[in-house]
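Take a look at the structure set out below.
Residue numbers (our numbering), protein chains in the order written: chain A, 196 to 309; chain B, 503 to 614.
So, in structure tokens, the structure goes:
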């Protein structure tokens, strides 16, 4: 398996623009997580899905952030409008079932909002 | 609120054992202790996990105290490639309680 695949690897955009980050989980995994990492706040859980259904979005910073999982093999995290303080590395991770809870992380998307 | 406490940083000599401590004094009976590490610019990587008993795999050993209030991750023969941030986190097996929240971790530097 290719592992968790995220795209793009790097994204540079201007303040006010819409940003869409993409994630393809490992085939067969039923949990998907979105994390954000900054120097100041460390690794933060934004939202997670189980069987394509959002379970906990309490970590989503504000209404400018939204996440979807239209099917088991694809998820998006959208920021609209983007702001400089959204600059961070965004990680997607997937796992097989809650009992194992062994997360497999993607390589991340480095987002820079100018 | 952080459920685990780890030292901010540690050094280890190459070839020696690296012992990374983690305090989790409020751990619940249904919470596992998980360890992940993050090498610079990469996503975190799973290392090992345990509930009560000590565990060992090809990467590391996990020692959990009898009262479960603390644990130690042991890298038996540290190499330069083990330089990373190591996270100790607690995961509950309660239904629908699957929040994987990471703290600041321990920055381990393996020196030649």
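Glycine residues also receive a C-beta, built at the ideal position from the N, C-alpha and C atoms.
None of the values given here were measured: they were computed from a predicted structure.
Listing by chain order, which chain A residues have their CB less than 8 Å from the CB of residue i?
| i | result |
| --- | --- |
| residue 531 (chain B) | None at all; the shortest Cβ gap to chain A is about 16 Å. |
| residue 606 (chain B) | 237 |
Just to confirm, does residue i get its C-beta within under 8 Å of one of the non-hydrogen atoms of the ligand ZN?
| i | result |
| --- | --- |
| residue 242 (chain A) | The ligand ZN is not part of the structure shown, which contains no ligands of any sort. |
Please check if any C-beta of chain A sits within less than 9 Å of the C-beta of residue i.
| i | result |
| --- | --- |
| residue 517 (chain B) | no |
| residue 545 (chain B) | yes |
| residue 536 (chain B) | yes |
| residue 540 (chain B) | yes |
| residue 551 (chain B) | yes |
| residue 588 (chain B) | no |
So which residues on chain A does residue i lean against when the C-beta distance must stay under 9 Å?
| i | result |
| --- | --- |
| residue 603 (chain B) | 238, 239, 240 and 254 |
Against chain B, does residue i count as a neighbour if the rule is that its beta carbon must be under 9 Å from one of theirs?
| i | result |
| --- | --- |
| residue 302 (chain A) | yes |
| residue 199 (chain A) | yes |
| residue 297 (chain A) | yes |
Look up residue i in the DSSP assignment and give the residues it is bridged to.
| i | result |
| --- | --- |
| residue 207 (chain A) | A:307 |
| residue 251 (chain A) | A:243 |
| residue 612 (chain B) | B:514 |
| residue 521 (chain B) | B:576 |
| residue 187 (chain A) | Chain A is shown from 196 up to 309; residue 187 (chain A) falls before or after that span and cannot be answered. |
| residue 212 (chain A) | Residue 212 (chain A) is not bridged to any residue. |
| residue 237 (chain A) | A:233 |
| residue 290 (chain A) | A:226 |
| residue 564 (chain B) | B:557 and B:575 |
Residues of chain B with CB under 8 Å from residue i, in chain order?
| i | result |
| --- | --- |
| residue 286 (chain A) | 545 and 546 |
Round the Cβ separation of residue i and residue j to the nearest angstrom and send it over; I've been treating them as touching at under 8 Å.
| i | j | result |
| --- | --- | --- |
| residue 289 (chain A) | residue 227 (chain A) | 5 Å |
| residue 577 (chain B) | residue 535 (chain B) | Contact flag wrong, Cβ pair sits at about 16 Å. |
If you measure beta-carbon to beta-carbon, which residues of the stretch 223 to 257 of chain A are closer than 9 Å to chain B? 226, 228, 230, 232, 237, 238, 239, 240, 243, 245, 250, 251, 253 and 254
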